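Going by this note's numbering, 497 is the number at position 497 of the sequence shown; the sequence numbering is gapless.
The C-beta atom is built at its ideal place from N, Cα and C for all residues, glycine as well.
These figures come from a predicted structure and were not determined experimentally.
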Amino acid sequence: MSDETFFWWTEEQKAISKKVNQFVDENFEDAEYFFWKQEFPWPLVKKVAAEGYFGAGIPKEYGGLELGATGSCIVAEALGRLYSVGHVFVVSMLAGLEQMLRYATEEQKQKWLPQMASGDQLGAVCITEPYAGSDAANVMTTAVKEGDEWIINGKKRYITGGGVSDRYFIYAKTSEDKSDRKQYSHITSFIVEKGLPGFHLERVNPLIGFDNVPNTYLSFNNVRIPDENRVGAVGKGWNVMMAGLNFERLIAGAVYVGVIKDIIKLLFYYTKRRVQFRRSTNQFPGVQNQISELIAKYRMGRVFAYNCAKQLDDGQEPMINASIAKWFISEYVRDAGLLAVQAMGGDGLTKFYGAERIVREGKIGEIVAGTSEIQKMIIYRFASMLPENNEPMRLRWNDEVNAPLVSKKESQFKGLEINEENILKVIAHDYKVNPGLYMTPDDVRQDIGGSRSAIRKTFESLEEKKLIATNRDRDGKIALVKATYEGLKKAFPEDYYRWYPAWYKDEDKF
Ligand SMILES: Cc1cc2nc3c(=O)[nH]c(=O)nc-3n(C[C@H](O)[C@H](O)[C@H](O)COP(=O)(O)OP(=O)(O)OC[C@H]3O[C@@H](n4cnc5c(N)ncnc54)[C@H](O)[C@@H]3O)c2cc1C
1 MSDETFFWWT EEQKAISKKV NQFVDENFED AEYFFWKQEF PWPLVKKVAA EGYFGAGIPK
61 EYGGLELGAT GSCIVAEALG RLYSVGHVFV VSMLAGLEQM LRYATEEQKQ KWLPQMASGD
121 QLGAVCITEP YAGSDAANVM TTAVKEGDEW IINGKKRYIT GGGVSDRYFI YAKTSEDKSD
181 RKQYSHITSF IVEKGLPGFH LERVNPLIGF DNVPNTYLSF NNVRIPDENR VGAVGKGWNV
241 MMAGLNFERL IAGAVYVGVI KDIIKLLFYY TKRRVQFRRS TNQFPGVQNQ ISELIAKYRM
301 GRVFAYNCAK QLDDGQEPMI NASIAKWFIS EYVRDAGLLA VQAMGGDGLT KFYGAERIVR
361 EGKIGEIVAG TSEIQKMIIY RFASMLPENN EPMRLRWNDE VNAPLVSKKE SQFKGLEINE
421 ENILKVIAHD YKVNPGLYMT PDDVRQDIGG SRSAIRKTFE SLEEKKLIAT NRDRDGKIAL
481 VKATYEGLKK AFPEDYYRWY PAWYKDEDKF
C-alpha cells in the first residue's frame, strides 16, 4: 500500500519511493533484531546513510538527493517502519536542515550540509529544557560572547539521539533584556559538537517507547564554541527555529504513516489465522470494522501529509496543514495501536507482535515535536487570522418568512442618525435575531453607518443608563454590546420579540 504514488510526484520521487520501501522490506528483520537486542541499530543507520537517504531534503550541490519536502516525506514514511531507525533518521535530518538552508552562510552550508547528507555523523535538535517545554521561548541555557568564542552554560532534555549524535543544533539565550524577550529577540542558535570540554551527556531516559533510541539530558558547563558555529544573526534564534517548523511537523507526522500500514498488514495476517467460535476472527463484523477504520485513517493521513508536502515544495508555508498532519497522524497511530491490540486480544498485549509497540510509539507522537494541544492552538490562532474566517456574516430578519436569513442586504437601520434611541434599536433588534449573542461595535456600525467614535460615545451613555451591557477588552475598550432587559423594553414593544411556529395554538399563548 505504501508503494501507492500520487499523480503530482516527479519520476524521481516515484523512483525513490520504490527504492526506499524495498530497502525497508529487506531490512525489516534487522530492525526487529535490534529492538529485541535493545541496542542502538548502528549497522542499520550506516546502511541508511550509505543509501544517501539522510540527504533526501538537501540540495544536490551539497551532496544531497534534493527531493524536497515530498521526497523527505517519502523517505521518512518508509524508514518510520523501521522504528528506531526512522526516528533517528528524522531527527538527524531535521537537526537544523531548514534552518541551515535559510540562515547559514555559504561557508557554513559547505561545511555542514554534506556532513548531514552523508549521515556519517548523526545530528540532534536541542530546544527543550527542564523548564522550557511547550513554551520553547523560555530557554534558560545561556550563550555569552567572549572574543571570537561563545561560552554555553545550561541544560537540555528529552533530546532524541543524544550521545550517539555528533552534531547538536541548540538554541540559547543571548539577551536578558526584557524588550528583547518580548520581541523574541533573546535567543540565538548554534551548533555544538560532541567531544568539547564541558559538554556532557547527563542522563538517558527510560521511556514508554522509542525503545532503543537514547532520549537524553545534556549538560553544558562553560562549553566554548567558535562564532562560526552560530547559525543566523545574534538574537534571531526564534526566527531560525520557526523557519523549519512546518517541515519538521510534517516529517514528524509522516514518519508514522508507514507504521499504520504495517499494522493493517499484521491484522489481516493475524485475524485470518485466529479461530474463535469456529470462525476466523476476520469474519467478525467488529474486527472488519476496526481494520476498515485503520485503512481509512492510513489513507487519509497519507494523502493529507503529501498534500502538505506539495504545498511546502510549492513555496507555501502551510502552518495550519502541517499542524493538522502532525496532530492527526500521531492520533491515528495511537488509535491504530489500540485497535490492533483489541483485535488481537491477549496476543496484542505481548511484545511478540508489533501492536503494543505502536500504542507506545503513538503516545509519544502526541507529545514529541509539539503536543497535540499546541498543534490545536496553532491551528486556531492561524485559522482565526484567515480572511475567510473573518468575513462578515449577518443574519437579517425577513418579515415575509418571519425568520432570520443569512443576508448581504443593508440593515433596516442603515443611515439613521446616531443617537441613543437609534443605537439602542439596532442592539435590541439584534436580540430578536441572535437572542443569546452580543454585537461587536463593527456589527452595530455596519447596521447603522456613521462614525466609530460617535457610536462608542453612545454606547457609553447607554451603558451608564443601564440600557445596554458591554464586554470590555484588556485595555478597557468596549468589545461587545448587548441590550439589557430594560433596554429591550425601552427599544420596542413586547410583541416585537415574540415568535411562535404556525402550529402553535393561540389559546396556549400568554
Ligand atoms: C520521546 C521524545 C523525544 C523528544 N525529542 C526531542 C528532541 O530531539 N529535541 C527537543 O528539543 N525536544 C524533544 N522532545 C521534547 C518535546 O518536544 C516536548 O516534550 C514537548 O514539546 C512538550 O513539552 P513538555 O514535555 O515540557 O510538556 P509541557 O510543555 O510541560 O506540557 C505539559 C502539558 O501541558 C499542555 N500545554 C502546555 N502549554 C499549553 C498551552 N499553551 N495550551 C494548552 N495546553 C498546553 C501540553 O499540551 C501538555 O499536555 C522530545 C520529547 C519526547 C517525549
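* Within this structure, are the beta carbons of I159 and Y171 separated by less than 7 Å? -> To locate residue 159, count along the sequence shown from 1; it is residue 159. To locate residue 171, count along the sequence shown from 1; it is residue 171. I159 places its beta carbon 7 Å or farther from that of Y171.
* Roughly how many whole angstroms lie between the Cα atoms of F492 and A428? -> Residue numbering aside, residue 492 sits at position 492 when the sequence shown is read from its first letter. Residue numbering aside, residue 428 sits at position 428 when the sequence shown is read from its first letter. Cα to Cα, the separation comes out at about 8 Å.
* Is any heavy atom of ligand 1 found at a distance shorter than 6 Å from the C-beta of I295? -> What you label residue 295 is simply residue 295 of the sequence shown in a count that begins at 1. Not so, every heavy atom of ligand 1 lies at least 6 Å from the Cβ.
* Could you tell me if the beta carbon of T160 falls within a distance shorter than 6 Å of some heavy atom in ligand 1? => Translated into the one-based positions of the sequence shown, residue 160 becomes position 160. At least one heavy atom of ligand 1 is nearer than 6 Å to the Cβ of T160, so yes.
* Asked: Is the closest heavy atom of ligand 1 to the C-beta of T371 under 6 Å?
  -> Residue numbering aside, residue 371 sits at position 371 when the sequence shown is read from its first letter. T371 has its Cβ nearer than 6 Å to a heavy atom of ligand 1.
* Opposing strand residues paired with P226 [DSSP bridges] -> Position 226 of the sequence shown holds residue 226. For P226, which the question treats as bridged, DSSP gives the partners E149.
* Can you list, in chain order, the residues of its chain whose CB lies under 8 Å from that of I448, leaving out five sequence neighbours each side? -> If you number the sequence shown from 1, residue 448 lands on position 448. Excluding five sequence positions before and after I448, the CB atoms of its chain that fall closer than 8 Å to its own CB belong to S411, F413, K414, G415, L416, I418, N422, I423, V426 and I455, given in chain order.
* Asked: If you follow the beta strand (DSSP E) that L201 is part of, which residue opens it and which one closes it?
  -> In the sequence shown, residue 201 corresponds to position 201, counting from 1. The continuous beta strand (DSSP E) containing L201 extends over residues F199 to V204.
* For S330, count neighbouring C-beta atoms within 10 Å of its own C-beta (all shown protein chains included) and say buried if the count is 16 or more, exposed if not. => Sequence index remark: in the sequence shown, residue 330 carries index 330 (1-based). Of the other Cβ atoms in all chains shown, 16 or more fall within 10 Å of the Cβ of S330; this residue is therefore buried.
* So, helix, strand or coil for R396, using DSSP? -> To locate residue 396, count along the sequence shown from 1; it is residue 396. Looking at R396 - three-state DSSP - the assignment turns out to be strand.
* Entirely within the stretch 102-187 and at least 4 residues each: give me those alpha helix (DSSP H) ranges in chain order. => Listed in chain order, the complete alpha helix (DSSP H) runs (minimum 4 residues) inside the stretch 102-187 are 106-118 and 178-182.
* N- and C-terminal bounds of the beta strand (DSSP E) containing V85 -> The count along the sequence shown starts at 1 and reaches residue 85 at position 85. In the DSSP annotation of this structure, V85 is not part of any beta strand (DSSP E); the continuous alpha helix (DSSP H) holding it starts and ends at S84 to L94.
* Limits of the beta strand (DSSP E) - the one that P43 falls within -> Position 43 of the sequence shown, counted from the start, is the residue given in the question as residue 43. Run containing P43: none in the beta strand (DSSP E); it sits in the alpha helix (DSSP H), W42 to A50.
* Look at the alpha carbon of E61 and the alpha carbon of P114, and state the distance between them as a whole number of angstroms. => In the sequence shown, counting from the first residue as 1, residue 61 sits at position 61. In the sequence shown, counting from the first residue as 1, residue 114 sits at position 114. Those two C-alpha atoms are separated by around 9 Å.
* Beta-carbon gap between L122 and S92 smaller than 7 Å -> Numbered from 1 along the sequence shown, position 122 holds the residue referred to as residue 122. Numbered from 1 along the sequence shown, position 92 holds the residue referred to as residue 92. Inclusion of L122 and S92 in the CB contact set at 7 Å is warranted, their separation being smaller than that value.
* Going by Cα to Cα distance, which pick from A309, F510, K489 and S453 is closest to I468? -> The residue you call residue 468 lines up with position 468 of the sequence shown. Minimum Cα distance to I468 is reached at K489.
* Taking only the alpha-carbon atoms, compute the straight-line gap between T281 and G365 and give it to the nearest angstrom. => For this step, residue 281 is matched to residue 281 along the sequence shown. For this step, residue 365 is matched to residue 365 along the sequence shown. Inter-residue distance for T281 and G365 is about 30 Å (C-alpha atoms, whole angstroms).
* **Inter-stretch contact (C-beta, 8 Å, three-pair minimum) for the stretch 17-34 and the stretch 71-80** => In this structure the stretch 17-34 lies against the stretch 71-80, because at least three pairs of beta carbons, one per stretch, are closer than 8 Å.
* Excluding the five sequence neighbours on either side, which residues of its own chain have a C-beta within less than 6 Å of the C-beta of Y53, listed in chain order? -> Within the sequence shown, the letter at position 53 stands for residue 53. For Y53, where only same-chain residues beyond five positions count, the Cβ hits under 6 Å are V75.
* Does ligand 1 have a heavy atom nearer than 6 Å to the CB of G436? -> Within the sequence shown, residue 436 is the residue found at index 436, counting from 1. No - ligand 1 has no heavy atom lying nearer than 6 Å to the Cβ of G436.
* Is it true that the CB of A243 sits closer than 7 Å to the CB of E98? -> On the sequence shown, residue 98 is found 98 positions in, with the first residue counted as 1. On the sequence shown, residue 243 is found 243 positions in, with the first residue counted as 1. Taking 7 Å as the Cβ cut-off, E98 and A243 qualify as a contacting pair.
* Could you have a look at E193 and say whether DSSP puts it in helix, strand or coil? => What you label residue 193 is simply residue 193 of the sequence shown in a count that begins at 1. Strand at E193.
* Distance, Cα to Cα, M1 vs M439? -> In the sequence shown, residue 1 corresponds to position 1, counting from 1. In the sequence shown, residue 439 corresponds to position 439, counting from 1. Bear in mind that a pLDDT of 46 at M1, under 50, signals an unreliable position, so the number given afterwards is only what the model happens to contain. Taking the Cα positions, M1 is about 52 Å away from M439.
* Does the Cβ of V91 lie closer than 6 Å to at least one heavy atom of ligand 1? -> Translated into the one-based positions of the sequence shown, residue 91 becomes position 91. Result yes, Cβ under 6 Å from ligand 1.
* **Status (buried if at least 16 other CB within 10 Å, exposed otherwise) for E32** => Here residue 32 is taken as the residue at index 32 of the sequence shown, counted from 1. So E32 counts as exposed.
* Asked: Leaving out the 5 sequence neighbours to the left and right, which residues in its chain are closer than 7 Å to Y306 when beta-carbon positions are compared?
  -> Along the sequence shown, read from residue 1 onward, the residue named residue 306 stands at position 306. The beta carbon of Y306 sits closer than 7 Å to those of F6, T70 and C73, all from its chain and outside the five residues before and after it, given in chain order.
* Asked: Buried or exposed: Y500, going by 16 or more other Cβ atoms within 10 Å of its Cβ?
  -> On the sequence shown, residue 500 is found 500 positions in, with the first residue counted as 1. Around the beta-carbon of Y500, fewer than 16 other beta-carbon atoms lie within 10 Å, marking it exposed.
* To do: State yes or no: is the C-beta of V85 nearer than 6 Å to some heavy atom of ligand 1?
  => Residue mapping note: residue 85 aligns to position 85 of the sequence shown, counting from 1. Flag unset: Cβ of V85 not near ligand 1.
* Asked: So, do the stretch 357-374 and the stretch 278-293 have three or more beta carbon pairs nearer to each other than 8 Å?
  -> No: fewer than three Cβ pairs fall under 8 Å.
* CA-CA distance, T128 and N27? -> Within the sequence shown, residue 128 is the residue found at index 128, counting from 1. Within the sequence shown, residue 27 is the residue found at index 27, counting from 1. Near 32 Å, if we compare the C-alpha coordinates of N27 and T128.
* To do: Take every Cβ of the stretch 149-156, pair it with every Cβ of the stretch 216-225, and state whether three or more of those distances are shorter than 8 Å.
  => With a cut-off of 8 Å, the stretch 216-225 and the stretch 149-156 count as touching, because enough Cβ pairs lie within range.
* **Cβ neighbours of Y168 in the same chain (closer than 6 Å, five flanking residues each side left out)** => For the purposes of this step, residue 168 is taken as the residue at position 168 of the sequence shown. A124, C126 and V192, listed in sequence order.
* Starting from V406 and walking both ways along the alpha helix (DSSP H), at which residues does that stretch end? -> Within the sequence shown, numbered from 1, the residue matching residue 406 stands at position 406. Note, V406: premise wrong, no alpha helix (DSSP H); beta strand (DSSP E) at A403 to V406.
* Asked: Is it the case that the Cβ atoms of G64 and G55 are separated by a distance below 7 Å?
  -> Residue mapping note: residue 64 aligns to position 64 of the sequence shown, counting from 1. Residue mapping note: residue 55 aligns to position 55 of the sequence shown, counting from 1. In this structure, G55 lies closer than 7 Å to G64 by Cβ.
* Buried or exposed (CB count within 10 angstroms, at least 16 for buried), K297 -> Position 297 of the sequence shown, counted from the start, is the residue given in the question as residue 297. Counting C-beta atoms within 10 angstroms of its own C-beta, K297 has 16 or more neighbours from the protein chains shown and is therefore classed as buried.
* **K414 (DSSP reduced to helix, strand or coil)** => Reading the sequence shown from its first residue, position 414 is the one you call residue 414. Coil.
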